[in-house]
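The structure appears right after this line, and notes come after that.
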Amino acid sequence: MSTYQHILVAVDLSTDADKVLAKAKALAHAFGSTLSIVHVIEPLSYAYGGDLPVDLSGIQEEILKQARQKVAALAAKANVPDDRCHLPTGKPAMEIQQLCEKLKVDAVVIGSHGRHGLALLLGSTANALLHGTKTDVLAVRVGD
Ligand code: AMP
């Protein structure tokens, strides 16, 4: 029986996403694990507040469309089928954590840092997952 039967890799679609995915792919190959991908869409209203007097739905739809294309391109590199690509909307750490539980994954692979910057020793998402999930967490060192 493999140590990790199902691994989830979280990609933020930054330039480091390829490196994170490559490590996850190698890990899944080594253990003969199923590999799933998650990219969380952060609603524009989180960044700009919910009471903006403009309709952001068109822009949000375009963001989702482009994210789907980028995730599909990454998935093709790692031979991950469509039905194992997840694009929930919300706060990244929370959505990734919920998906870990829903998919019953054994390990989650993330970048040590991402678009949220290098201010912390570990990025905010990596930190939140280490504290918030019971799943093993592999932080691939990026951006240093
Ligand atoms: P950060 O918290 O921005 O420093 O990001 C650290 C890592 O968390 C990234 O390298 C990704 O693996 C993951 N991550 C951050 N934001 C997202 C997101 N929106 N969707 C999926 N994974 C994410």
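Numbering of the sequence shown is given in our numbering, commencing with residue 11 and proceeding in unit increments.
All C-beta atoms, glycine included, are put in the ideal place defined by N, C-alpha and C.
A quick note: this is a predicted structure, and the numbers were derived from the prediction, not measured.
* Asked: Could you give the uninterrupted runs of the alpha helix (DSSP H) lying entirely in the stretch 55–106, keeping only those of 4 residues or more?
  -> Listed in chain order, they are 67–87.
* Asked: Leaving out the 5 sequence neighbours to the left and right, which residues in its chain are closer than 7 Å to Gly142 when beta-carbon positions are compared?
  -> Ala103, Gln107
* Can you tell which of Leu84, Asp93, Asn137 has its C-alpha closest to the C-alpha of Ser24? -> Ranked by Cα distance from Ser24, the first of Leu84, Asp93, Asn137 is Leu84.
* To do: Could you tell me the boundaries of the alpha helix (DSSP H) in which Thr44 lies?
  => Per DSSP, Thr44 belongs to no alpha helix (DSSP H); it is in the beta strand (DSSP E), 44–48.
* With distances taken Cα to Cα, identify the nearest neighbour of Arg94 among Leu109, Asp65, Lys101. => Cα-wise, what sits closest to Arg94 is Leu109.
* Asked: Just checking my contact of His96 with Ser43 at CB under 8 Å: how many whole Å lie between their CB atoms?
  -> No, His96 and Ser43 are not in contact; Cβ-Cβ is about 16 Å, not under 8 Å.
* To do: Out of Leu66, Ala88, Leu139, Glu72, point me to the one whose CA is closest to Lys101's CA.
  => Selected option, being the one with the closest Cα: Leu139.
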